[in-house]
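Notes for the one structure printed next.
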Amino acid sequence: MDEDLQQKWVYALITGKQSDRNDFALVYAKSQWSDPVVVFTSLLAFTHASIGLIEMNTPQFGKTPNQTSHAVRHLKNAGVTDIEAVKRAIVKDLGPSANYKIGVRIKKTITVNGVLIEYSGTKLPSGKINIGSIRTSNIR
Amino acid sequence: MTRKLTENEISIITWIIKDTEEGKSIINHLNEILVEEMDDGGMGSLRVFKSGNDDRSYSRELGEEFKGLDIDNVPVFISVLLDTDGNFFELDVFKADFSPLRKFPSLQS
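Residue numbers (my numbering), protein chains in the order written: chain A, 28 to 167; chain B, 21 to 129.
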């Protein structure tokens with residue numbers, strides 16, 4: 028393994044940035060597959076990059092428990108108790124982060140256990156989607 | 021702790037609800053109402069203060085959502101929420117990265 032590649036691998040692991048992981052995976056894909064060390068490390072890099080993509084596509088409902096509680100406060104008052112089911116439905120409804128533009132408000136309506144729910148958020152430059160509010164919808 | 025709305029907050033709320041049926045009566049009282057800061061991690065959400073037994077609950081969003089920028093250029097989304105009696109209930113502020121609001125946006129931001 029050449030030194031540039033080693034440095035890129037270490038950097039990708041330390042920073043954990045998706046772009047670094049992808050860069051590394053790409054460089055590795057072009058390298059020598061006959062070297063067992065290369066093959067092993069490439070698989071490791073692929074796994075690492077995949078985990079990163081999964082992390083990136085999982086929306087965040089607040090950075091702190093208070094913020095999460097704030098985002099869902101109107102659901103609780105409306106008698107919606109299974110907040111985790113609502114979150115799961117939102118994750119499923121959102122789909123891949125690549126479907127959305129950075130900084131543009133995402134506003135969607137879904138039905139969870141028969142209740143119409145409206146959620147809104149936005150996509151960050153990192154690709155992460157933050158959900159700021161989840162409320163029962165008054166659309167009739 | 022309660023306080024009055026700031027000029028910036030009043031301007032944004034007015035902008036959001038000015039074209040709605042309920043807007044005019046709410047706008048007329050914005051200088052008088054007291055609000056409480058909500059526990060949203062410092063993003064700036066407010067609840068209109070009500071003394072005594074508070075049995076209000078959220079009904080719907082009024083008007084058009086305002087999108088501005090904080091001074092760190094992170095987008096901030098602001099909505100006016102009504103209670104079930106059609107009164108101004110909350111000012112919902114969502115900063116895109118969930119970080120604390122540094123400066124409440126103005127109409128020019």
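Ideal Cβ positions, reconstructed from N, Cα and C, are used throughout, including at glycine.
Computed from a predicted structure; not experimentally measured.
Between VAL99/A and ILE161/A, the C-beta spacing is below 8 Å.
Taking 7 Å as the upper bound on Cβ-Cβ separation, chain B lies near residues THR149, LEU151, ASN157, GLY159 of the stretch 145 to 159 of chain A.
For the C-beta of GLY61/B, the chain A residues within less than 9 Å are, from N- to C-terminus, GLY89, LYS90, THR91, ASN93, GLN94, HIS97.
Secondary structure of ARG162/A (DSSP, three-state): strand. With respect to the 8 Å criterion, THR149/A and GLY61/B are not classified as neighbours on the basis of their beta carbons. Contact annotation: GLN87/A and LYS155/A have beta-carbon atoms nearer than 8 Å.
One alpha carbon belongs to GLY122/A, the other to ASN73/B, and they sit about 42 Å apart.
Beyond the five residues adjoining it in sequence on each side, ASP90/B comes within less than 7 Å, by CB distance, of VAL96, LYS115, LEU121, ARG122, LYS123, PRO125 in the same chain, given in chain order. Between the alpha carbons of ARG67/B and VAL131/A lies a gap of roughly 26 Å.
Where LYS135/A is concerned, the enclosing beta strand (DSSP E) starts and stops at 132 to 139. Counting only residues of its own chain and dropping the five nearest sequence neighbours on each side, GLU85/B has a CB closer than 8 Å to the CB of ILE36, PHE97, ILE98, SER99. Just so you know, the alpha carbons of LEU151/A and SER124/A end up roughly 10 Å apart. Judged by their CB atoms, TYR78/B and HIS97/A are not nearer to each other than the 8 Å cut-off. By the C-beta density criterion, ASP112/B is buried, having at least 16 other C-beta atoms within 10 angstroms. Against chain A, the beta carbon of MET58/B has neighbours under 8 Å at HIS97, listed in chain order.
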